[in-house]
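In the working numbering, the protein residues as written are 166 to 462.
Here it is as structure tokens:
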């Protein structure tokens, strides 16, 4: 494989892997070596000194905000439910903009109140993208593996293509691909320029036998890339994405209750080891000289 000129800055953590106050999370991530972080709405609205203080803390950290999450159960609603979700979406976009973040993540709806009419889903996502254009924000649409209508990334990709908006693209999560056993070859349908974010995680068992177990694993038992039983599949996935031409961010989307009970620097260092594994061993970004020079910072 030829060497790629990228560096470790392509990889980032998500605050959901860490316990404690926002400032402590930012400090642990920065000191581990990362330059970017994925934030959730609760990081801002849950700050004891308010949203402005949270935004100030993020800016003071020097970390780039990979993206802002997550808008749930948005598309396919009608009447007062649609109006309600539009208000939520506008609030999320405003918080995203306050962070000087240019990416909002939206996951496919699980609501039983949403229609399965694909054209209605397309219309709603197009409307959301139009709201985001004046704010210079991209919308990354992710297929939840337990989504009611859209539960695999090829379906999400179809809706993105139908909506045909310049700032609407795909949010790709490795966990959901592995959970649904979607073939790796399906990635060939994607335009790498329309993949707006790749989230990576592993888990500790080879198969998931029910939707309930899938949800529980996703929300409580993910591990960092290279720590679970899907290391080979993750390496193949990242290599495939690189071969397709993807040059965007990789964020570690790792929900894990055990990590919430560990010191923040310990968890952040686990994530850093994953970044080094992916960058050096999988994408081979280190210089092949004696004593193995580490990735350029």
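Idealized CB from N, CA, C, for every residue including glycine.
None of the values given here were measured: they were computed from a predicted structure.
Taking the CA atoms as reference points, residue 177 sits about 12 Å from residue 444. Residue environment analysis places residue 249 among the exposed positions, since fewer than 16 neighbouring C-beta atoms fall within 10 angstroms of its C-beta. Going by C-alpha positions, residue 191 is about 18 Å away from residue 389. Contact between the stretch 262-281 and the stretch 289-305 is established, with three or more Cβ pairs separated by less than 8 Å. In this chain, the alpha helix (DSSP H) harbouring residue 408 covers 396-409. DSSP, reduced to helix, strand and coil, places residue 181 within a helical segment of the structure shown. Considering only 179, 174, 197, the residue with the shortest C-alpha distance to residue 431 is 197. Per DSSP, residue 326 lies in no beta strand (DSSP E); the unbroken alpha helix (DSSP H) holding it starts and ends at 318-328.
Ranking 371, 341, 364, 226 by CA distance to the CA of residue 403 puts 364 first.
Between residue 396 and residue 367, the C-beta spacing is below 8 Å.
By alpha-carbon distance to residue 227, the top candidate from 241, 207, 265, 243 is 265. Going by C-alpha positions, residue 438 is about 12 Å away from residue 417. Contact between the stretch 297-304 and the stretch 277-284 is absent: fewer than three C-beta pairs spanning the two stretches fall below 8 Å. Measuring C-alpha to C-alpha distances from residue 324 to each of 387, 255, 310, 305 identifies 305 as the nearest.
The C-alpha of residue 217 is placed about 33 Å away from the C-alpha of residue 380.
Residue range 339-344 is occupied by the alpha helix (DSSP H) that includes residue 343.
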